[in-house]
Amino acid sequence: MNALKTCLGSLAAGSLLWTAVASAQTQIPVLMPKLVTVASERSCLGNKDAELCARIHVDLETSGQDWLDLKLLALVAPLADDPRLQAVRTPAQALEVLRGQAGQWLAAQRSELQEALDEDYFTGYENQEQLRFVWQRGALAVFAHSAYSYSGGAHGMGMTEYRLMDLAGQRWLQLDDILVPGQQDALLDVLIQAYRDQHPELAESWLASTRKEQAEQLLTDNILPGENGLQFNYGPYVLGSYADGQIELKVSQQQLRGLVRDGLMPAGLSSAE
4 MNALKTCLGS LAAGSLLWTA VASAQTQIPV LMPKLVTVAS ERSCLGNKDA ELCARIHVDL
64 ETSGQDWLDL KLLALVAPLA DDPRLQAVRT PAQALEVLRG QAGQWLAAQR SELQEALDED
124 YFTGYENQEQ LRFVWQRGAL AVFAHSAYSY SGGAHGMGMT EYRLMDLAGQ RWLQLDDILV
184 PGQQDALLDV LIQAYRDQHP ELAESWLAST RKEQAEQLLT DNILPGENGL QFNYGPYVLG
244 SYADGQIELK VSQQQLRGLV RDGLMPAGLS SAE
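Below is the structure:
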């Protein structure tokens with residue numbers, strides 16, 4: 004999680020001014036981030052010589068817009084398929100549901116820990132969810148969702164997913180929303196070349212062998228606007244091993260010409276301008 008803070012700090016200093024997603028007539032809200040802790044609990048069994056623990060920590064930066072906060076809270080829900088989330092109408096109601104979910108998760112893991120007290124190999128459970136506001140430019144807002152889970156074994160699993168929000172349309176943007184129709188194949192060529200150029204040793208052994216598999220591997224919605232274009236992000240075991248961490252492929256504005264919709268191309272201005 005410290006890595007996420009460092010990453011966001013550097014991004015805030017050099018984020019792009021994007022052209023507006025919405026028309027000039029649309030009233031675009033100015034987001035007001037506020038850190039909210041949903042849950043931070045720990046439950047342990049055993050003794051100091053053989054202690055097993057389960058820990059859950061969930062926090063996020065809310066936006067000050069109820070409709071958006073409902074979407075943000077849903078992203079960090081410990082139990083994403085909970086039907087109660089579909090029934091809530093306010094962020095306060097959603098927050099109450101999520102806190103109940105955190106308690107449910109902890110109780111379930113405590114039951115598992117009780118059964119594992121006599122197992123030497125077992126070390127516990129951990130579930131972390133964090134969501135941070137990165138920046139807003141006009142009708143485009145960027146958020147970073149960082150998640151980590153551990154349920155035994157050699158290591159846990161964690162990654163950061165960047166989400167682009169169209170504040171005018173009140174919806175998350177996917178890759179198809181920002182691409183010119185029919186340009187997926189061309190973008191795939193660009194990403195394959197970026198992978199080979201930026202991570203040659205990994206590409207030699209990890210790049211899928213068929214076109215269909217390469218598309219599934221490389222065409223991702225996990226996109227972050229950067230100073231000179233777009234950064235495509237991939238979790239462990241997609242383009243590299245766990246030890247390689249999250250892999251990033253940077254694609255310049257020049258490479259994106261004709262591939263990305265005109266209304267969504269970065270204007271190339273930093274936040275200081």
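Residue numbers for the sequence shown follow this note's numbering, so the first one is 4 and each next one is one higher.
Where is the CB? At the ideal position from N, CA and C, for every residue including glycine.
From the DSSP output, in three-state form, read off residue i for me.
| i | result |
| --- | --- |
| A42 | strand |
| K253 | strand |
| S62 | Residue 62 is actually Asp in this sequence, not Ser. If DSSP states are grouped into helix, strand and coil, D62 belongs with the strands. |
| K37 | strand |
| L262 | coil |
| L242 | coil |
| G232 | strand |
Would a check of beta-carbon distances place residue i closer than 9 Å to chain E?
| i | result |
| --- | --- |
| W70 | This model lacks chain E altogether, as it is built from one protein chain only. |
Under 7 Å Cβ to Cβ from residue i, same chain only, skipping five residues before and after it: list those, please.
| i | result |
| --- | --- |
| N231 | S255 and Q256 |
| A105 | V41, A42, E44, I59, V61 and P81 |
| L98 | V41 and L76 |
| L88 | A77, A80, A97 and V100 |
Can you find the residues in the same chain that come closer than 8 Å, C-beta to C-beta, to residue i, ignoring five residues on each side of it along the sequence?
| i | result |
| --- | --- |
| Q107 | P81 and L82 |
| K51 | none |
| P94 | T65, D69, D72, L73 and L76 |
Within a Cβ cutoff of 6 Å, which residues of the same chain sit near residue i, ignoring the five residues on either side of it in sequence?
| i | result |
| --- | --- |
| E44 | I59 and L109 |
| T40 | D62 |
| H202 | none |
| E54 | C47 |
| E118 | none |
| E129 | R58 and Y153 |
| E164 | H148 and N225 |
If residue i and residue j are in contact, beta carbons under 8 Å, what's the gap, nearest whole angstrom?
| i | j | result |
| --- | --- | --- |
| Q186 | L233 | Between L233 and Q186 the Cβ distance is about 13 Å, and since that is not below 8 Å, they are no contact. |
| D224 | Q177 | 5 Å |
| L221 | L194 | 4 Å |
Minimum length 3: unbroken beta strand (DSSP E) runs contained in the stretch 137-223: 143-153, 160-169 and 174-176
So does the stretch 191-199 actually touch the stretch 247-254, counting three or more Cβ pairs closer than 8 Å? yes
Quick one: complete alpha helix (DSSP H) runs, 4+ long, within the stretch 78-128? 87-90 and 94-119
For the 8 Å Cβ check, are there 3 or more pairs between the stretch 110-122 and the stretch 133-143? no
Check whether the stretch 166-184 and the stretch 206-217 touch, using three or more Cβ-Cβ pairs below 8 Å as the test. When C-beta atoms of the stretch 166-184 are compared with those of the stretch 206-217, fewer than three pairs fall below 8 Å, so the two segments do not count as touching.
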